[in-house]
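>
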Amino acid sequence: METPLFLRKKKLFFVFTSAAKPVWTRYGSETDLSTFIGSLAAILYKFQNYYTGIQDSLRYLRTADMYVVFLCTEALFYVCISKGKDSLESLYNQLRMLHTKVISTLTDNITTMLISRPSYDARNLMGGTHSALDYLIRTTAVSPSMLDAFMPVPMLAQHRSQIQLSFKSHLDDDLLYGFIMTSTSIIYRYCRKGENIHHIDTSLLFNMLASHSSLRSTMSWTPICLPNFSDKGFVYAYITFLQDSQVGLALLSDNSAAFKNLKACGDAIETEIRGLLPIIEESVKSIPYSVSICGIKEFKHFIYMTKAVDQYTMSGFTPSTRDFLPEMPIDIYKRTLRRYFAAYKLSNIPEFFKGNYTKIDTYKNEQIVALRTNEYVLFASLSSMLPAAAVVQLTTQLLRWLKSQEQDFFIMR
Amino acid sequence: MDDNSAQAKVVLLGEAGVGKSSIVLRFVADTYHSDIEPTIGASFLSKIVNLSEGTIKFGIWDTAGQERYHSLARMYYAEAVAAILVYDITNRKSYEAMKNWHKELVEQGPKNLIVAIAGNKEDLVEKEQVEMEEAKSFAESIGAIYKKTSAKTRYGIEQLFKEIAIKIKDNRSIVTREKRGSIRVTSAVSQQPGVAKEKKCCS
Ligand SMILES: Nc1nc2c(ncn2[C@@H]2O[C@H](COP(=O)(O)OP(=O)(O)OP(=O)(O)O)[C@@H](O)[C@H]2O)c(=O)[nH]1
Ligand SMILES: [Mg+2]
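One line per chain: the protein sequences are A and B, in this order. My numbering numbers the first residue of the first sequence as 5 and each following residue consecutively. My numbering numbers the first residue of the second sequence as 17 and each following residue consecutively.
(1) Please confirm whether any heavy atom of ligand 2 lies closer than 7 Å to the CB of Ala96 (chain B).
(2) Tell me whether Cys76 (chain A) sits in a helix, a strand or coil according to DSSP, three-state version.
(3) Within the region 331-404 of chain A, note down every full beta strand (DSSP E) run reaching 3 residues or more, in order along the chain.
(4) For His216 (chain A) and chain B, any beta-carbon pair shorter than 8 Å?
(5) For a cutoff of 8 Å on Cβ pairs, would you count Gln82 (chain B) as touching chain A?
(6) Check the C-beta distance from Ser38 (chain B) over to Ala167 (chain B) and give it rounded, since I have them as a contact under 8 Å.
(7) For Phe263 (chain A), name the three-state secondary structure that DSSP assigns.
(8) Between which two residues does the alpha helix (DSSP H) carrying Asn97 (chain A) extend?
(9) Would Ser224 (chain A) pass as an interface residue toward chain B - the criterion being a Cβ-Cβ separation below 8 Å?
(10) Following a CB-centred definition, is Lys164 (chain B) positioned closer than 7 Å to any heavy atom of ligand 1?
(11) For chain A, find out if any of its Cβ atoms is closer than 8 Å to the Cβ of Ile173 (chain B); answer yes or no.
(12) Quick check on the burial criterion: 16 or more other C-beta atoms within 10 angstroms. Buried or exposed for Arg12 (chain A)?
(13) Following the continuous beta strand (DSSP E) through Asp78 (chain B), name the residue where it begins and the one where it ends.
(14) What does Cys84 (chain A) pair with, by DSSP beta-bridge criteria?
(15) Taking 8 Å as the threshold (C-beta atoms), are Arg90 (chain B) and Gln124 (chain B) in contact?
(16) Is Pro54 (chain B) near ligand 1 - that is, is its Cβ less than 7 Å away from at least one heavy atom of it?
(17) Look at the Cβ atom of Leu382 (chain A), then the Cβ atom of Glu302 (chain A), and state whether they are nearer than 8 Å.
(18) Can you pull out the residues from the region 121-150 of chain A whose beta carbon lies closer than 7 Å to at least one beta carbon of chain B?
(19) Excluding the 5 residues flanking Thr362 (chain A) on each side, which residues of the same chain have their C-beta closer than 6 Å to its C-beta?
(20) Sort A:Asn378, A:Leu329, A:Asp327 by Cα distance to Ser351 (chain A) and report the nearest one.
(21) Residues of chain B with CB under 8 Å from Met212 (chain A), in chain order?
(22) Could you tell me the boundaries of the alpha helix (DSSP H) in which Asp138 (chain A) lies?
(23) Buried or exposed: where does Phe171 (chain A) fall if 16 or more other Cβ atoms within 10 Å of its Cβ makes it buried?
(24) Go through its chain and collect everything with a Cβ distance to Val395 (chain A)'s Cβ below 7 Å, but skip five positions before and after it.
(25) Taking Cβ positions only, does Thr104 (chain A) come closer than 8 Å to chain B?
(26) In the DSSP output, which residue or residues are listed as bridge partners for Thr226 (chain A)?
(27) Taking 8 Å as the CB-CB limit, is Leu266 (chain A) close to chain B?
(28) At a CB-CB cut-off below 7 Å, which residues of chain A make contact with Leu88 (chain B)?
(29) Given a threshold of 16 other Cβ atoms within 10 Å of its Cβ, counted over all protein chains shown, does Ser215 (chain A) qualify as buried or as exposed?
(30) Can you give me the Cβ contacts of Leu213 (chain A) inside the same chain, cut-off strictly under 7 Å, excluding the 5 residues immediately before and after it?
(31) Report buried or exposed for Met332 (chain A), applying the criterion of at least 16 other Cβ atoms within 10 angstroms of its Cβ.
(32) Determine, using beta-carbon pairs with one atom in the region 15-29 of chain A and one in the region 118-129 of chain A, whether at least three such pairs fall under 8 Å.
(33) Could you round the C-beta distance between Leu402 (chain A) and Ile300 (chain A) to whole angstroms and report it? I think they count as a contact, below 8 Å.
(34) Please name the residues in the region 48-80 of chain B whose beta-carbon is closer than 9 Å to at least one beta-carbon of chain A, in chain order.
(35) Between the Cα of Ala45 (chain B) and those of B:Val65, B:Lys109, B:Lys183, spot the shortest distance and give me the residue it belongs to.
(36) Would you list the residues sitting across from Lys63 (chain B) in a DSSP beta bridge?
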């Protein structure tokens, strides 16, 4: 049998129902796919027979140069075929994110619906989301997804608190979450008192804003399901862009009739932060920033995450745009990221993580440090020539510096 | 002042890809893009139209035609004074979908809604799948305005909104001339002249 063209791509994604009906695929025409997806589904079912009584399903298959990874949810099946070097963890994270995006688009009602009608053709329901899903795959492939955090742009704390002030002085009862974003960066996030906002919900909203240019031309009132707020229904986003700028304002409510109120609230905020536009635009341009800002020349790269605000920051590379500095070419970055994943992996096992975890891995061309406590995670890459004692001492120095900069790196409460 | 009450809310409904956003962008900004993206949720645009009878400020909800948004459409048409039901003349299915929209509006839409039907992509008339006579007689049977339009060539777009504007003024509105000299359009059902404007809301 001739191999369909789409199978030659490096990384394939498939979403289908338990009746092997395609829901979404990254490449390939629908006729090519039905047989192929049929076989994938058949493999899953064959293996399911071995597991009767056990809550498990086939997780992955591998060959010399290929992973086939399966994520089975109640009613939807996700498969990634990767011929790249991505780690299993990172592929799983991508599949999980894909599922989250499907739920964010359709709410979890799709699960209930597909359980009762597995052969329902859900492809239509995902209509118009291809670019958003593709964008999600491209960005998650280069994100430190193990950190459970998102990356805002750095900005002087005094400026960010001016934005915060303008939100706080125009609060509306209907306002649940608020964001200042561009299609490449998250600048500010507001959350109603007493509520929480999850970093995945933040990323989902960002994904919507970044991947649908139609939102940029006018103001919109758009449903979006934020599964960590509620996967049963939609919240509504008032989205507008500050006049003559790339800076977007998104105000979300759990009240579908809040458009008028949020628009008024948005108008007031917009007027107030107009003056900050040059500063916002400047900060958006400031990423990726060079590792040299830490002032310690031995470091080639770092990623630093603080749990308290579920945010991270990194030097040299920007996952949302894949922009990089000469100090961190994308292929080098991807390799370093894989090494971070590897160094971090053991910390997920309770025997290895008792509130404090340090791992130093030495490679031919770099040393990788992974530090994890209950408060933060630090990854860094240093020259491979340094002795262990020096690595420890420099890392402590870097950590001290990062902590002193948190106010500017992150959106504080 | 509450400028929303002076606005005539218009909602566009119709299957994905029939050209709702293109029609609105042609009307509001006189632009057209063949690579326009599908709408997400709904966009809100406004435009002021000057008629010999006065000024009308349109507040336009351009809704997304994708199937998954269907159940949310009510949110956008609930407050509308007029609805434009758009179909693509080269696509029979979109014509049937348009009729279903009308059915839904009759059942669940606001009372006294002005309905206009736009048979869009008139420039592709050689690929027509729905003849004008059929659409026209359907429009007549439901008392709707009918217009063939092309967002691409501008054909019929101005006229469509103008006829809606005139009908808004004629049929169902009381026009009160405000001190500022602008024209205020309010729905005859919800408000009467000389009656206190505020409706008490019990909670
Ligand atoms: N030839 C022709 N093409 C048109 C016309 N109007 C719109 N189109 C094209 O039809 C496609 C869909 O147009 P949109 O305006 O996005 O359609 P829509 O109804 O807003 O679609 P949704 O937002 O997904 O519901 C685009 O490629 C437009 O360029 C027209 O009058 N003539
Ligand atoms: Mg549209």
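A virtual CB, placed ideally from N, CA and C, is assigned to each residue, including glycine. Predicted model, so just to flag it, every value in this text is computed and none were measured.
This is what the structure gives:
(1) In this structure, Ala96 (chain B) has its CB at a distance of at least 7 Å from all heavy atoms of ligand 2.
(2) Cys76 (chain A): strand per DSSP, three-state reduction.
(3) With a minimum length of 3 residues, the continuous beta strand (DSSP E) runs that stay inside the region 331-404 of chain A are 360-366, 371-377, 380-386.
(4) Yes - at least one Cβ of chain B is within 8 Å of the one on His216 (chain A).
(5) At least one chain A Cβ lies under 8 Å of Gln82 (chain B).
(6) In this structure Ser38 (chain B) is in contact with Ala167 (chain B), their Cβ atoms being roughly 4 Å apart against a cut-off of 8 Å.
(7) Note: Phe263 (chain A) maps to helix in three-state DSSP.
(8) 92-110 is the extent of the alpha helix (DSSP H) around Asn97 (chain A).
(9) For Ser224 (chain A), the nearest beta carbon of chain B is closer than 8 Å to its own beta carbon.
(10) Between ligand 1 and the CB of Lys164 (chain B), the shortest heavy atom gap is not smaller than 7 Å.
(11) False, the Cβ-Cβ gap to chain A never drops below 8 Å.
(12) Around the C-beta of Arg12 (chain A), fewer than 16 other C-beta atoms lie within 10 Å, and the residue is accordingly described as exposed.
(13) Residues 70-79.
(14) In the DSSP output, where bridge partners are listed per residue, Cys84 (chain A) has A:Phe17, A:Val73.
(15) Going by C-beta atoms, Gln124 (chain B) is nearer than 8 Å to Arg90 (chain B).
(16) The beta carbon of Pro54 (chain B) sits closer than 7 Å to at least one heavy atom of ligand 1.
(17) Contact: no.
(18) Hits within the stretch, in order: Asn128, Leu129, Gly131, Gly132.
(19) Contacts found: Leu375.
(20) Ranking the options by Cα distance to Ser351 (chain A), first place goes to A:Asn378.
(21) Going along chain B in sequence order, the residues near Met212 (chain A) (Cβ under 8 Å) are Ile56.
(22) Unbroken alpha helix (DSSP H) run through Asp138 (chain A): 134-144.
(23) Counting Cβ neighbours within 10 Å, Phe171 (chain A) comes out buried, since at least 16 surround it.
(24) Correct list, in chain order: Ile364, Gln371, Val373, Leu386.
(25) Output row for Thr104 (chain A): interface = no.
(26) Per DSSP, A:Ala241.
(27) Between Leu266 (chain A) and chain B, the shortest Cβ-Cβ separation is not below 8 Å.
(28) Listed along the chain, the chain A residues whose CB falls inside 7 Å of the CB of Leu88 (chain B) are Pro227.
(29) It counts as buried.
(30) Met185, Ser187, Leu219, Ile243, Gly252, Ala254.
(31) So Met332 (chain A) ends up on the buried side.
(32) Counting C-beta pairs closer than 8 Å gives three or more between the region 15-29 of chain A and the region 118-129 of chain A, which meets the contact rule.
(33) Going by Cβ atoms, the distance from Leu402 (chain A) to Ile300 (chain A) rounds to 6 Å, so yes, they are a contact pair.
(34) Residues Ile52, Glu53, Pro54, Thr55, Ile56, Gly57, Ala58, Ser59, Phe60, Leu61, Trp77, Asp78, Ala80.
(35) When each option's Cα is compared against that of Ala45 (chain B), the closest is B:Val65.
(36) Note: Lys63 (chain B) sits in a beta bridge opposite B:Phe74.
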